[in-house]
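Only one structure is covered here, and it is reproduced in the block below.
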Amino acid sequence: MKKKIVYGSFELESNSLTAVLTSRKDFSVSVGRDDTGRNLAYDYMTAHGCEVVHTLHAEAVPGGSVIREDFESILNDLLNAFPEGKIDGVFLRLHGAMDVVGTGSGDLAIAKAVREKIGPDVPFAVSFDLHADVDPRIAKYVNIICGYRTAPHIDIEETHLRAAKLLISCIEHKYLPKPIIVKVPIIADGDSMTTDIYPGNELIGKLLELEEESDMLCLNIFLGNPWVDALCAGGAIVAIPAPGRGAEAEKAACELAAEFWRVRGDFKFRATTAYPDEGIDWALSQPVSPVFLSDSGDNVSGGGSGDNAEVLAKFIERGAKKVLIAGIADAEVIASCRGLNKGDTLECTIGGKLDPASTAVTVSAVFKARGRLHMWPGNVATESVLLGIDGIDVLLSTERIFIRDTVFFDEFGIKPEDYRVIVVKIGYLWPELYDVAKDFMMLLTKGSTCEIMTDCDFHNVPRPIYPLDRDMQWVPEIAKF
Ligand SMILES: [Zn+2]
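Letter by letter, the sequence shown follows residues 5 to 485 of this note's numbering.
Rendered as structure tokens:
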């Protein structure tokens with residue numbers, strides 16, 4: 005008899021500091037199939053003789069907290085897609101930092117609802133992003149938690165595979181592990197925690213060492229999502245013990261937590277940073293091109309609204325030429341471009357339509373091109389236009405998107421080498437853009453993805469927490485509830 009595994013995903017990296025909430029329409033949802041192209045875990049489970057039942061797969065571009073009714077409607081659809089009769093295991097891909105208005109951790113709510121549906125005896129695995137804000141109460145509901153171990157994330161599918169393997173092993177051995185969780189009171193400057201340089205790389209090395217030494221099923225470090233202002237904010241260590249090896253797993257979890265704490269002050273931005281005016285002047289004075297700037301306070305990949313035109317305004321003020329702003333979310337301007345031909349002019353106000361805190365700028369622009377951009381392969385295309393403002397090109401999109409690859413430029417027939425400076429709404433530069441950037445600087449702009457934690461407007465994070473309470477003392481402790 006084949007083992008029946010229920011499989012699904014419900015993933016959002018939230019940002020609770022933006023005013024732009026996430027609704028059901030922001031999610032790409034597929035029921036009974038997986039359109040995300042992430043097949044490694046599925047292929048493994050089916051190759052191991054399991055019957056894998058797709059329930060629902062839902063993912064969205066990082067964004068604001070989810071409207072409660074919309075979260076519940078997707079969760080209900082997920083639960084309703086569970087098959088009737090006996091099931092042997094559940095595997096869900098979650099982000100771990102989904103904030104829901106009035107609920108708090110969406111991931112905790114999903115885990116609780118699924119456990120209530122399947123009963124206490126069915127092994128239940130989840131995968132998390134490295135930036136999960138782990139609510140320790142999730143240990144009451146899930147048996148296996150596996151997290152990415154890289155930032156930028158290049159081990160997403162590997163992580164799914166690790167979770168799937170552990171799930172099958174637990175089903176076969178009739179073992180229901182209980183995660184051991186240590187919360188680590190650190191909110192990390194958004195883009196300073198990468199794992200390919202010190203101290204991130206050494207922390208991951210230590211994790212692998214401890215995982216092997218203590219013979220546990222899986223050891224994880226979670227950095228936390230810096231822009232979720234919630235009680236479950238901050239880092240976490242999660243250990244999944246092998247049978248009878250709880251004490252060793254607890255010791256390893258505390259040791260890794262202590263190491264994370266010890267190096268907390270050593271994380272540095274991998275890019276040069278500057279406040280906007282200084283960074284823009286630097287970019288315009290470089291002898292090489294294109295120079296990339298990231299508008300890190302309005303980082304769409306961190307949930308920023310993507311509609312702040314502050315940097316555009318500063319380039320206009322300077323009369324700069326050969327600059328590309330890629331891009332700004334503005335559905336209204338795009339609507340007013342319908343029917344225009346190349347070379348037509350329009351008066352318009354760009355930006356500030358989504359988040360009241362975003363800067364808007366009124367300009368006289370020339371319509372240059374229109375196209376359709378896909379945020380991810382398989383996602384619905386968003387209508388986009390390219391406008392020219394006296395030597396500055398601006399790429400606008402109907403939906404919030406972040407430009408992370410030069411393929412986005414192909415749609416408009418433009419090339420990076422056409423520009424002196426290109427501004428993108430991300431944090432650290434994605435590898436595909438590093439390849440073409442002659443130089444790069446991260447602009448420390450204000451906004452809901454502000455990189456300087458002590459400048460963020462937190463009200464709900466647990467205190468004391470580093471770096472808000474810089475002089476605090478702390479020793480690791482296993483979470484109890
Ligand atoms: Zn992440």
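Just so you know, even glycine gets a beta-carbon here, dropped at the ideal spot from N, CA and C. Note that the coordinates shown come from a computational prediction; the quantities given were computed from them, not determined experimentally.
When I9, F485, M5 and E481 are compared, the shortest CA-CA separation from C258 is found for E481. The segment 434-451 makes no contact with the segment 319-333; the number of CB pairs closer than 8 Å stays below 3. Within a 10 Å sphere around the beta-carbon of L212 sit fewer than 16 other beta-carbons, which makes this residue exposed.
Using a Cβ-Cβ distance cut-off of 8 Å, the segment 424-443 and the segment 280-294 are in contact, since at least three pairs of beta carbons, one from each stretch, lie closer than that value. A direct Cα-Cα distance of roughly 21 Å separates K8 from L79. When DSSP assignments are scanned along the segment 100-148, the uninterrupted stretches of alpha helix (DSSP H) that are 4 or more residues long and fall wholly within it turn out to be 110-122. For D348, same chain residues with a beta-carbon under 8 Å away, outside a window of 5 residues either side, are V370 and F371 in chain order. Of the residues assessed, E120 falls on the exposed side of the cut-off, its CB having fewer than 16 other CB atoms within 10 angstroms. Between the segment 280-291 and the segment 333-345 there are fewer than three inter-stretch CB-CB distances shorter than 8 Å, so the stretches are not counted as touching. In the structure shown, E63 adopts extended strand secondary structure according to DSSP, grouped into three states. Between ligand 1 and L391, a heavy atom-to-CB distance of less than 6 Å is absent. Shown here for S388: same chain residues with a beta carbon closer than 6 Å to its own, the five before and five after excluded, namely G375, L377 and S401 in chain order.
Relative to G417, the option among E217, L433, H177 and L399 whose CA is nearest is L399.
Taken through DSSP and simplified to helix, strand or coil, Y202 comes out as coil. Those residues that have a beta carbon less than 5 Å away from any non-hydrogen atom of ligand 1 are, in order along the chain, D133 and H135. Residue burial is scored here from C-beta neighbours: H463 has fewer than 16 other C-beta atoms within 10 angstroms and is therefore classed as exposed. In the three-state reduction of the DSSP assignment, G375 falls in the strand class, which pools E and B. DSSP places R97 inside the beta strand (DSSP E), whose first and last residues are G93 to L98. Our two residues, N147 and G108, have alpha carbons roughly 21 Å apart in a direct line.
Boundaries of the alpha helix (DSSP H) harbouring F75: R72 to N84, taken from the DSSP string. Ranked by Cα distance from V10, the options V33, T22, R28 and R37 are led by R37. Note: F444 is bridge-paired with F296 in the DSSP secondary-structure output.
Residues A275, F296 and L433 of the same chain have their beta carbon placed closer than 6 Å to that of F444, with the five preceding and five following residues left out of the count. Annotation for C236: S109, D137 and D139 place their beta carbon closer than 6 Å to its own, counting only its chain and skipping 5 residues before and after.
Looking at the DSSP output, E351 shares a beta bridge with S368. Listed as beta-bridge partners of N19 by DSSP are G68.
At a Cβ-Cβ threshold of 7 Å, D92 and I175 count as neighbours. Annotated three-state conformation of K210 is helix, per DSSP. For K7, the secondary structure class from DSSP, reduced to helix, strand or coil, is strand. Cβ atoms of V126 and V104 stay farther apart than 8 Å, at about 25 Å. Exposed is the label assigned to S77, since fewer than 16 other Cβ atoms lie within 10 Å of its Cβ. DSSP places A240 in the uninterrupted beta strand (DSSP E) bounded by G239 to I244. Inclusion of E15 and H135 in the CB contact set at 7 Å is not warranted, their separation being larger than that value. Looking at the backbone, the Cα of V56 and that of F413 are separated by about 39 Å.
With a contact defined as Cβ atoms closer than 8 Å, P360 and A23 qualify at about 6 Å. Under the three-state reduction of DSSP output, S401 falls in the strand class.
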